[in-house]
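In this text, residue positions in the sequence shown follow numbering that gives the first Met the number 0: the first is 0, and each later residue adds one.
We put the beta carbon where it would ideally sit given N, CA and C, even for glycine.
Predicted model, so just to flag it, every value in this text is computed and none were measured.
This report refers to the structure that appears directly beneath it.
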Amino acid sequence: MAVTLRDLLDIREVCVISGGNFEQFRSQLLAGLGADTAQLGRLHLMPTCGTRYMRHDGADWVPVYVRDLTQSERDEAMRVVEEEAKNLGLWEAEPWGHIIEDRGSQITFSALGQQAPLDAKKAWDPSGEKKERLRAAVAARLPDLEVRSGGSTSVDITRKGVDKAYGITELAQQTGIDIGQMLFIGDRLDPGGNDYPVIKTGIDTHAVSGWEDTVQFVANFVEKAHNSGEHVQ
């Protein structure tokens with residue numbers, strides 16, 4: 000994956016947008032990327048669905064903007080999601096890491112813990128029914144905040160209107176790159192998935208089934224670009 004992403008960064012501006020926090024970006028993406036300064040200069044990072052936007056300044060990653068919830072909003076969200084998870088029997092007694100994380104601009108509930116293995120996450124709620132029950136219960140108690148499905152075991156709480164569509168719109172405004180020139184690659188573009196909101200921006204999309212599928216698609220994209228003689232754009 001790292002080699003393929005570096006190859007893409009040689010010819011395109013690339014944005015990674017996720018509900019995860021920047022520390023997860025550092026450990027899961029940047030630590031093994033091995034990109035040079037020029038490649039990092041074409042990489043745009045949008046943790047917590049674009050409520051934070053990070054660029055590399057040649058030495059380190061610096062925020063372009065940070066839009067956090069207030070402390071009282073975060074405290075209330077954490078209290079409510081814990082209470083409702085326990086009420087519904089969805090509070091794990093022995094999680095893999097923290098169940099609730101304060102990400103500043105987003106509160107994230109991870110049913111099995113932040114460090115849960117992928118196989119366990121996939122098996123926990125394949126139909127999405129558990130997650131939807133929790134999301135609905137929390138949303139009813141936090142009418143001034145947005146409560147939505149996150150990853151396979153997570154529920155995210157943000158300000159109203161904050162989702163990946165928000166991030167894509169901000170990316171266009173910050174960079175001057177028209178959304179019509181962008182391509183979004185995601186594995187949750189189905190209705191109810193956390194990538195689905197981007198469709199309303201009008202961005203071109205390509206659905207993938209996992210990281211292996213993503214690598215293959217990007218590798219084919221880069222090969223076609225090289226064959227057509229394309230350079231950095």
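So, for residue 185: in the same chain, excluding its five sequence neighbours on each side, which residues have a beta-carbon less than 6 Å away from its beta-carbon? Translated into the one-based positions of the sequence shown, residue 185 becomes position 186. Closer than 6 Å at Cβ, skipping near neighbours: 194.
Assign residue 0 to buried or exposed, taking buried as 16 or more other Cβ atoms, counted over all protein chains shown, within 10 Å of its Cβ. Stepping through the sequence shown from its first residue, residue 0 is reached at position 1. Exposed.
With distances taken from CA atoms, which of 198, 10 and 100 is nearest residue 157? For the purposes of this step, residue 157 is identified with residue 158 of the sequence shown, where counting begins at 1. Ranking the options by Cα distance to residue 157, first place goes to 100.
Within 10 angstroms of its Cβ, does residue 227 collect 16 or more other Cβ (buried), or is it exposed? Counting from 1 along the sequence shown, the entry for residue 227 is found at position 228. With fewer than 16 Cβ atoms within 10 Å of its Cβ, residue 227 is classed as exposed.
Out of 192, 11, 3 and 166, which one is the CA nearest neighbour of residue 180? Taking the sequence shown and counting its residues from 1, one reaches residue 180 at position 181. Minimum Cα distance to residue 180 is reached at 11.
Below 8 Å between beta carbons: does that hold for residue 161 and residue 133? Numbered from its first residue, the sequence shown carries residue 161 at position 162. Numbered from its first residue, the sequence shown carries residue 133 at position 134. Cβ distance not < 8 Å, so residue 161 and residue 133 don't count as in contact.
Going by the DSSP bridge assignment, what does residue 206 pair with across the sheet? By one-based count along the sequence shown, residue 206 stands at place 207. DSSP, once it has assigned bridges, lists 185 as partnering residue 206.
What distance in whole Å lies between the Cβ atoms of residue 14 and residue 170, which are believed to be in contact at a cut-off of 8 Å? As a position in the sequence shown, residue 170 is number 171, starting the count at 1. As a position in the sequence shown, residue 14 is number 15, starting the count at 1. Residue 170 to residue 14, Cβ: 6 Å. Contact.
Contact belief for residue 191 with residue 127 at Cβ below 8 Å, rounded distance in angstroms: Residue mapping note: residue 191 aligns to position 192 of the sequence shown, counting from 1. Residue mapping note: residue 127 aligns to position 128 of the sequence shown, counting from 1. 7 Å between Cβ atoms; contact.
Check whether the region 136-152 touches the region 75-83, taking contact to mean three or more Cβ pairs, one atom from each stretch, closer than 8 Å. yes
Taking the alpha carbon of residue 65 as the point to measure from, which residue in 23, 166 and 196 has its own alpha carbon closest? Walking along the sequence shown from the start, residue 65 turns up at place 66. It is 166.
From residue 95 to residue 117, what does the alpha carbon distance come to, in whole angstroms? Taking the first residue of the sequence shown as position 1, residue 95 is located at position 96. Taking the first residue of the sequence shown as position 1, residue 117 is located at position 118. Going from the Cα of residue 95 to the Cα of residue 117 covers about 11 Å.
Assuming residue 106 and residue 73 are in contact, meaning their beta carbons sit under 8 Å apart, how far apart are those beta carbons, in whole angstroms? On the sequence shown, residue 106 is found 107 positions in, with the first residue counted as 1. On the sequence shown, residue 73 is found 74 positions in, with the first residue counted as 1. At roughly 6 Å, the Cβ-Cβ gap stays under 8 Å, so residue 106 and residue 73 are in contact.
Same chain, Cβ closer than 6 Å to residue 103, five either side skipped, listed in chain order: As a working note, residue 103 is residue 104 in the sequence shown. Closer than 6 Å at the Cβ level, and outside the excluded window around residue 103, lie 67.
Relative to the C-alpha of residue 17, which residue among 45, 35, 40 and 8 is closest? Residue 17 sits at position 18 when you count from the first residue of the sequence shown. If we check each option's Cα against that of residue 17, 45 comes out closest.
Determine whether the beta carbon atoms of residue 148 and residue 130 lie at a separation below 8 Å. Residue mapping note: residue 148 aligns to position 149 of the sequence shown, counting from 1. Residue mapping note: residue 130 aligns to position 131 of the sequence shown, counting from 1. Against a cut-off of 8 Å, the Cβ pair of residue 130 and residue 148 comes out as a contact.
Of the residues 177, 219, 145 and 189, the one placed nearest residue 76, counting alpha carbons only: In the sequence shown, counting from the first residue as 1, residue 76 sits at position 77. For the residues 177, 219, 145 and 189, the minimum Cα distance to residue 76 belongs to 145.
Classify residue 46 as helix, strand or coil using the three-state DSSP reduction. The residue given as residue 46 occupies position 47 in the sequence shown. Residue 46 falls in the coil class under three-state DSSP.
Figure out for me which residue from 173, 113 and 200 has the closest Cα to the Cα of residue 182. To locate residue 182, count along the sequence shown from 1; it is residue 183. When only C-alpha atoms are compared, the closest one is 200.
Just to confirm my understanding: we take residue 281, look at its own chain, exclude 5 residues before and 5 after, and list those with CB closer than 8 Å. What are they? Outside the shown range of the chain (0 to 232) lies residue 281, about which nothing can therefore be said.
What are the residues that DSSP puts in a beta bridge with residue 125? Within the sequence shown, numbered from 1, the residue matching residue 125 stands at position 126. Its beta-bridge partners do not exist; DSSP assigns none.
Where do the N-terminal and C-terminal ends of the alpha helix (DSSP H) with residue 71 fall, by residue? If you number the sequence shown from 1, residue 71 lands on position 72. Start and end: 70-86.
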